[in-house]
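Undergrad: Next up is a structure, given as structure tokens.
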Amino acid sequence: ITTTARAMKDPDGGFAGSVVVFSDVTDLVNALAAKDDFVSNVSHEFRTPLTSILGYVEILLDDELDGHQRHALEIIRRNSERLLTLVSDLLASRNGQLIVTPQAVDVAELVRASVSAALPKAAASRVALQAATPERLDAHVDAARISQVLDNLVSNAIKYSPDGGNVLVSLEEGDGRLTCRVRDTGMGMSADDQAEVFTKFFRTSSVRQTNIPGVGLGLPISKAIVEAHGGTIEVDSALGQGSTFTFQVPV
Ligand code: ADP
Numbered sequence: 013i014t015t016t017a018r019a020m021k022d023p024d025g026g027f028a029g030s031v032v033v034f035s036d037v038t039d040l041v042n043a044l045a046a047k048d049d050f051v052s053n054v055s056h057e058f059r060t061p062l063t064s065i066l067g068y069v070e071i072l073l074d075d076e077l078d079g080h081q082r083h084a085l086e087i088i089r090r091n092s093e094r095l096l097t098l099v100s101d102l103l104a105s106r107n108g109q110l111i112v113t114p115q116a117v118d119v120a121e122l123v124r125a126s127v128s129a130a131l132p133k134a135a136a137s138r139v140a141l142q143a144a145t146p147e148r149l150d151a152h153v154d155a156a157r158i159s160q161v162l163d164n165l166v167s168n169a170i171k172y173s174p175d176g177g178n179v180l181v182s183l184e185e186g187d188g189r190l191t192c193r194v195r196d197t198g199m200g201m202s203a204d205d206q207a208e209v210f211t212k213f214f215r216t217s218s219v220r221q222t223n224i225p226g227v228g229l230g231l232p233i234s235k236a237i238v239e240a241h242g243g244t245i246e247v248d249s250a251l252g253q254g255s256t257f258t259f260q261v262p263v
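For my numbering, count along the sequence shown from 1 and bump the result up by 12.
Written out as structure tokens, the structure reads:
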């Protein structure tokens, strides 16, 4: 049961009485628990076929292949791995745990790799994608997890930009932390939407009116990863003008 109460005033401003509302939220709580169970079961069920796909891709990659075949299989492998990570993250986000294993890493290289991997997608969407990084930026981070954050932010920036857009990924170091910005000239979002955008399963009102695919998990997972590194992530955006996602992590 949740309770809300409010004092009522009469026309002269005097105290007239109180209204107390009791709401039975049992159904809501049950529905949320059922949704959690569903997510958890589905995640488990997805893992087995995905692991099998990845296993066979690895076997094929050991064969004699021409350049085109190898390239196609590499893409299948990369996307299957992403799906597997997403499935694990769904489970992890449900259990409220996210483990990071920091090691010495050149983050400039991670940024460049992420941008290179997204170039074909950017070209297909007619979006100009660029990276501005120092030659090296050594930090103590979980490379796979930080790449996941970068992939998420870069792919969102492309996905939510119309034809002719620009996406710039910049990286710099200062005050013992690295700052990475992913700036786009895309559809942007309202201040209300910015406040919610890191909430699980949330999609902005302008995106809900489109058929751009997505589930609303990339940003909450990115936030969990950045926070597991002792860092912060935020968005600055204007509707119809573009968005800048900035994350900072201690080096
Ligand atoms: P998904 O993209 O799968 O919906 P995310 O968690 O990555 O999930 O993003 C949540 C929502 O935030 C998106 O659905 C979209 O409404 C909004 N969003 C994220 N990145 C951008 C961006 N660069 N520009 C505009 N809206 C964005």
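Just so you know, even glycine gets a beta-carbon here, dropped at the ideal spot from N, CA and C.
Keep in mind that this is a model prediction, so the values were computed, not measured.
Return the Cβ separation of Gly177 and Val123 in integer angstroms, given the expectation that the two are a contact with Cβ distance under 8 angstroms.
TA: Gly177 to Val123, Cβ: 19 angstroms. No contact.
Undergrad: If I measure Cβ to Cβ from Ser137 and keep anything under 6 angstroms in the same chain, skipping five residues before and after, which residues do I get?
TA: Closer than 6 angstroms at the Cβ level, and outside the excluded window around Ser137, lie Ile170.
Undergrad: Return yes when the C-beta of Asn168 is under 6 angstroms from any heavy atom of the ligand ADP, and no when it is not.
TA: Yes, since a heavy atom of the ligand ADP falls inside the 6 angstroms radius drawn around the Cβ of Asn168.
Undergrad: In three-state terms, what does DSSP make of His152?
TA: DSSP places His152 in strand when its eight states are reduced to three.
Undergrad: Indicate, with yes or no, if the ligand ADP has a heavy atom lying under 6 angstroms from the CB of Met199.
TA: Yes, the ligand ADP has a heavy atom inside 6 angstroms of this Cβ.
Undergrad: Compare the beta carbon distance of Ser100 and Ile65 with 7 angstroms and say whether it is the shorter of the two.
TA: Taking 7 angstroms as the Cβ cut-off, Ser100 and Ile65 do not qualify as a contacting pair.
Undergrad: Any heavy atom of the ligand ADP within a distance shorter than 6 angstroms of the CB on Val267?
TA: No information on residue 267 is available, as it lies outside the stretch 13 to 263 that the chain covers here.
Undergrad: Please confirm if the segment 48-64 is in contact with the segment 77-91, defined as three or more CB-CB distances below 8 angstroms between the two stretches.
TA: The segment 48-64, when compared against the segment 77-91, does not touch it at the 8 angstroms Cβ threshold.
Undergrad: Using the beta-carbon count (16 or more within 10 Å), is Gln253 buried or exposed?
TA: Flag for Gln253 reads exposed.
Undergrad: Would the C-beta of Gly226 count as close to the ligand ADP, meaning under 6 angstroms from any of its heavy atoms?
TA: Because some heavy atom of the ligand ADP lies under 6 angstroms away, the Cβ of Gly226 counts as near it: yes.
Undergrad: Is the segment 204-214 in contact with the segment 225-232, if contact means three or more CB pairs nearer than 8 angstroms?
TA: These segments touch.
Undergrad: Which residues share a DSSP beta bridge with Arg189?
TA: Paired residues: Gly186, Pro262.
Undergrad: Can you name the start and end residues of the beta strand (DSSP E) that Ser202 belongs to?
TA: Neither: Ser202 is in no beta strand (DSSP E) and is coded neither H nor E.
Undergrad: Which residue marks the beginning of the beta strand (DSSP E) containing Ser35, and which one marks its end?
TA: It spans 27-35 - the beta strand (DSSP E) in which Ser35 sits, taken as one unbroken run.
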